[in-house]
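S.K.:
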Amino acid sequence: MKYIIMVTLLINHNDRSPKTEFDLNHSNKRNVFHSPCWNRSALPAAMFSRNNVSMWGVLKKCIGMELSKITMPVIFNEPLSFLQRLTEYMEHTYLIQKTSASQDSIHRMKCVAAFAVSAVASQWERTGNPFNPLHGETYELLREDLGFRWVSEQVSHHPPVSAFHAEGIESDFMFHGSIYPKLKFWGKSVEAEPRGIITLELPLHNEAYTWTNPTCCVHNIIMGQLWIEQYGNVEIINHKTGERCCLTFKPYGIFGKELHKVEGYILDKRYVNTTKMTDI
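Take the sequence shown: its letters are residues 17 to 296, numbered as in this note's numbering.
1) Based on DSSP bridge pairs, tell me the residues matched to ARG159.
2) Quick check on the DSSP output: the beta strand (DSSP E) that includes GLN246 runs from which residue to which?
3) Quick one: Cα of PRO149 to Cα of GLU209, how far?
4) Between the stretch 125–134 and the stretch 175–185, do three or more beta carbon pairs fall short of 8 Å?
5) Can you look up GLU153 in the DSSP assignment and give me helix, strand or coil?
6) If you follow the alpha helix (DSSP H) that LYS126 is part of, which residue opens it and which one closes it?
7) Mark LEU157 as exposed unless 16 or more other C-beta atoms lie within 10 angstroms of its C-beta, in which case mark it buried.
8) Could you check what DSSP says for SER138 in three-state terms: helix, strand or coil?
9) Nearest by alpha-carbon distance to VAL206: which of SER172, ALA62, PHE92 is it?
10) Let me make sure I understand the geometry here. Which of LEU242, SER187, ASN236 has the alpha-carbon closest to that of ASN222?
11) Apart from the five residues on each side of it in sequence, which residues of its chain come closer than 6 Å, Cβ to Cβ, to LYS369?
12) For TYR225, count the other beta carbons within 10 Å of its own beta carbon; 16 or more makes it buried, fewer makes it exposed. Which is it?
13) Which word fits VAL278, buried or exposed, when buried means at least 16 other C-beta atoms lie within 10 angstroms of its C-beta?
14) Would you list the residues sitting across from SER205 in a DSSP beta bridge?
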């Protein structure tokens, strides 16, 4: 059976990432997840304008090169490491919990698709570049209010590869994967292809879902108003039932009407051509 999904990315928060600070004194033998922690509502440094800074002097000789090997001025960074920014996957953890609680596999796939789309929503209007972590650097996060714990590590420097693992405090899910952000400069834009497989496991249903992220592109980096779009195809697979969700992140059209829109459909293992419209 074939289901049609249409999603519009309209999530826009001032404080997008689930942030928590820890007592990371590793001489303390207590588990870091049991250390005193508190949440913060904003980053420790305010955003500043980059309008008077030109990237052309830095990038004019770098067309077609791998950006991870280019030293960029610090003014183009945001006060987060890439390991911290990865935690933004978990901003809408309630969708995973809703998935685990559902008894219908098609409904579970809808929730997983919504979670996969929500994971890239925080990139909307995010023009700053996170700092590259050091090889072996780790980041740990506990959000009891959202019901998960997280650890990520920079497992390779060249090429830069970040691995992460999250699990529900109630052991209702496991979420893990690795990201190898392949960056390219194309004159007026920077394209980021986040290579790597993402896996969501639901022990209650003995299911595992896998998918990849869409391509992200930052436009007008030389001059003009910076803006971001995601585009490309994402296939989510339920390896137990054989069901698949095919999402298409729409590229920017001639009139800009397709920006931040997603279309998709769900196929069951029989691939029956019956169609149903639905919203996530």
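Glycine residues also receive a C-beta, built at the ideal position from the N, C-alpha and C atoms.
M.R.: Let me lay it out:
1) Within the DSSP bridge table, the entry for ARG159 names PHE164 as partners.
2) 243–254 is the span of the beta strand (DSSP E), which, as asked, contains GLN246.
3) PRO149 and GLU209: Cα-Cα distance of roughly 18 Å.
4) Fewer than three pairs of CB atoms, one per stretch, sit closer than 8 Å, so the stretch 125–134 makes no contact with the stretch 175–185.
5) Taken through DSSP and simplified to helix, strand or coil, GLU153 comes out as coil.
6) Residues 121–134.
7) Burial call: buried.
8) Helix.
9) The shortest Cα separation from VAL206 among SER172, ALA62, PHE92 belongs to PHE92.
10) Checked all of LEU242, SER187, ASN236; the closest Cα to ASN222 is SER187.
11) The chain is shown only over 17 to 296; residue 369 falls outside these bounds and no answer can be derived.
12) Classified as buried, TYR225 has 16 or more neighbouring CB atoms from the shown chains inside 10 Å of its CB.
13) Counting Cβ neighbours within 10 Å, VAL278 comes out buried, since at least 16 surround it.
14) Paired residues: HIS235.
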